[in-house]
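I have placed the structure first, in the form of structure tokens, so that the comments after it can refer back to it.
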Amino acid sequence: MKTTKQLARELGLLRKRSINSSTSRKPSTDQTFPYLVVLDFESTCWQDGKFRTQEIIEFPAVLLNTSTGKIESEFQFYVQPQESPNLSEFCKQLTGITQDQVDNGIPLNLCVRKFVRWLDSLKEKKGVVFTQPSTETEKCYLATIVTWSGKKDDLFTQLSK
1 MKTTKQLARE LGLLRKRSIN SSTSRKPSTD QTFPYLVVLD FESTCWQDGK
51 FRTQEIIEFP AVLLNTSTGK IESEFQFYVQ PQESPNLSEF CKQLTGITQD
101 QVDNGIPLNL CVRKFVRWLD SLKEKKGVVF TQPSTETEKC YLATIVTWSG
151 KKDDLFTQLS K
């Protein structure tokens, strides 16, 4: 079975970029957010084009340090779809997610609670917050939540601008 990355490359949605030492990126010093929480949901899908309600089947997120471009923490769970519990062959091929993975996943409401706990742990471990700190003495790093758009330019290129 092909991975999502392999399928995306075949469809022309992903490209390789070579980076040499003369074009390597320097850490940006003018970023509003020292951290981004990047979400990249996968959902149920069908090839026939008929409208159907999509459901989240994978809930992944990473904590990205905007100065270094490094991922500092990860969150990922498979989610059990409720309205269409059986994945289409097209969906399995496109996402690389198997029926067993969603069958053994967790309900979305539980996943969201776990996600909130993960966000809370980022504050405890790294000082990551999503609102300005209430006092100046509190050492915090402002963050925001973004989604991966799948555009041609990678996220770090967008952050460097």
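The numbering of the sequence shown is the UniProt record's numbering, which starts it at 1 and goes up by one.
We treat Cβ as the ideally placed atom computed from N, Cα and C, and that holds for glycine.
(message) Comparing C-alpha positions only, which one of Trp46, Thr131, Ser121, Val146 sits nearest to Asn86?
(response) On the sequence shown, position 86 is the one that residue 86 refers to. Selected option, being the one with the closest Cα: Trp46.
(message) Less than 7 Å between the C-beta atoms of Phe77 and Phe59, yes or no?
(response) Translated into positions along the sequence shown, residue 77 becomes position 77. Translated into positions along the sequence shown, residue 59 becomes position 59. In this structure, Phe59 lies closer than 7 Å to Phe77 by Cβ.
(message) Tell me the rounded alpha-carbon separation between Leu39 and Ile145.
(response) Position 39 of the sequence shown, counted from the first residue, corresponds to residue 39. Position 145 of the sequence shown, counted from the first residue, corresponds to residue 145. Taking the straight line from one Cα to the other gives about 7 Å.
(request) Have a look at Thr147, Trp148, Val128 and flag the residue whose alpha-carbon is nearest the alpha-carbon of Lys139. (result) The sequence position of residue 139 within the sequence shown is 139, counting from 1. Residue Val128 is the option with its Cα nearest to Lys139.
(message) Taking the beta carbon of Glu42 as the centre, do at least 16 other beta carbons fall within 10 Å, making it buried, or is it exposed?
(response) Within the sequence shown, the letter at position 42 stands for residue 42. With 16 or more Cβ atoms within 10 Å of its Cβ, Glu42 is classed as buried.
(request) Could you spell out where the beta strand (DSSP E) holding Gln76 opens and where it closes? (result) Position 76 of the sequence shown, counted from the first residue, corresponds to residue 76. Start and end: 71-78.
(request) Look up Asn86 in the DSSP assignment and say whether it is helix, strand or coil. (result) Reading the sequence shown from its first residue, position 86 is the one you call residue 86. Asn86: coil per DSSP, three-state reduction.
(message) I want to know whether the stretch 112-129 touches the stretch 93-104 - three or more CB-CB distances under 8 Å.
(response) no
(message) Buried or exposed for Ala143, going by 16 or more other Cβ atoms inside 10 Å?
(response) Residue mapping note: residue 143 aligns to position 143 of the sequence shown, counting from 1. With 16 or more other Cβ atoms within 10 Å, it is buried.
(message) Distance cutoff 7 Å, beta carbons only. Does Lys114 sit that close to anything in chain D?
(response) Here chain D cannot be found, since the structure has a single protein chain.
(request) Using a threshold of 7 Å, state whether the C-beta atoms of Gln80 and Val102 are closer than that. (result) By 1-based counting over the sequence shown, the position of residue 80 is 80. By 1-based counting over the sequence shown, the position of residue 102 is 102. Cβ distance < 7 Å, so Gln80 and Val102 count as in contact.
(request) Less than 8 Å between the CB atoms is what I'm expecting for Arg113 and Ser84, so what's the real figure, rounded? (result) As a position in the sequence shown, residue 113 is number 113, starting the count at 1. As a position in the sequence shown, residue 84 is number 84, starting the count at 1. Incorrect: roughly 23 Å between the Cβ atoms, too far for contact.
(message) At the level of alpha carbons, what is the spacing between Phe75 and Gln31?
(response) The residue given as residue 75 occupies position 75 in the sequence shown. The residue given as residue 31 occupies position 31 in the sequence shown. One C-alpha to the other measures close to 24 Å.
(request) Could you tell me the boundaries of the alpha helix (DSSP H) in which Glu124 lies? (result) As a position in the sequence shown, residue 124 is number 124, starting the count at 1. Residues 108-126.
(message) For a quick check, are the C-beta atoms of Leu36 and Leu64 less than 7 Å apart?
(response) The residue labelled residue 36 in the question sits at position 36 within the sequence shown. The residue labelled residue 64 in the question sits at position 64 within the sequence shown. Yes, the Cβ-Cβ distance between Leu36 and Leu64 is below 7 Å.
(message) Tell me the residue span of the alpha helix (DSSP H) that contains Gln101.
(response) As a working note, residue 101 is residue 101 in the sequence shown. Start and end: 99-103.
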